[in-house]
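The block underneath contains the structure these notes are about, expressed in structure tokens.
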Amino acid sequence: CALRKLTNMTNHTREQKAVQSETRQETIFTETVLRYAFVDASSAEVLGADRLGAPLLKLLLRGVPVKIIGRNDDWARVEIPTPLSVWVYGRYVDQKGEIGLIKGNRVRARSMPSTSDSSSILGILENMTPVTIISMEGDWIRVSVADRVSAWMQTEQLEILEQISDEWQDRWTTIRADL
């Protein structure tokens, strides 16, 4: 039993280091089990990092379902049912008007148009991932992408469920169908 705990701790530590290495962030997840939740605030901020003052990516209204894919203290790393706006370096986007395709493997989707430490990596986009072009800033392109990125929310703004419910699944499916 002690050996299993040590092995699990070692594997978990490797996962944390891989995440830290990939994102160049110091975040250590205290929980990585998939959980389900509803937004429990009238308007909840979806942020680009697990700290106040991080780039605001989106506002979600009460009742919107989210998937919790990680935790760090009072913060939840979430996937939401709608697309998120992220920044991609321009040379990695094949732009055709408002539609684009990612060109390149393991292209970083960022919270800000920068590679500085204040610009969090929110996801990794693979070659030919479809995106919608929103705007440009210098050499960076802001794109809207679904399913490939995650962001952060304060857990106090969420009603975390013990298990997935039919209501959660119905709301998730309904929102996704409208995309």
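Counting with our numbering, you get residues 1322 to 1500 for the letters of the sequence shown.
Using N, Cα and C, we set each Cβ at its ideal position, and we do this for glycine too.
All values derive from a computational prediction rather than experimental measurement.
For R1492, the enclosing alpha helix (DSSP H) begins and ends at 1487-1498. The segment 1367-1386 makes no contact with the segment 1445-1460: fewer than 3 CB pairs, one atom from each, lie closer than 8 Å.
Here S1364 has L1380, L1382 as same chain residues with Cβ atoms under 7 Å from its own Cβ, once five neighbours each way along the sequence are excluded.
The beta carbon of R1463 lies closer than 6 Å to those of S1406, W1408, I1455, S1456 in the same chain, with the five residues before and after it left out.
In this structure, the beta-carbon distance from S1471 to G1444 falls below 8 Å. Our two residues, V1360 and I1423, have alpha carbons roughly 31 Å apart in a direct line. Of all alpha-carbon atoms in R1398, L1446, V1452, the one lying nearest the alpha-carbon of V1387 is that of R1398.
The beta-carbon separation of E1366 and M1449, rounded to 31 Å, does not stay under the 8 Å limit for a contact.
In summary, P1402 is buried, with 16 or more beta-carbon neighbours lying within 10 Å of its beta-carbon over all protein chains present. When C-alpha distances from V1385 are compared across W1493, D1468, A1498, the shortest belongs to W1493.
With a 10 Å radius around the Cβ and a threshold of 16 neighbouring Cβ atoms, P1451 comes out exposed.
Residue range 1472-1475 is occupied by the beta strand (DSSP E) that includes M1474.
The three-state reading of DSSP puts G1421 in strand, counting E and B together. A straight-line Cα-Cα distance of about 29 Å links G1425 and A1498.
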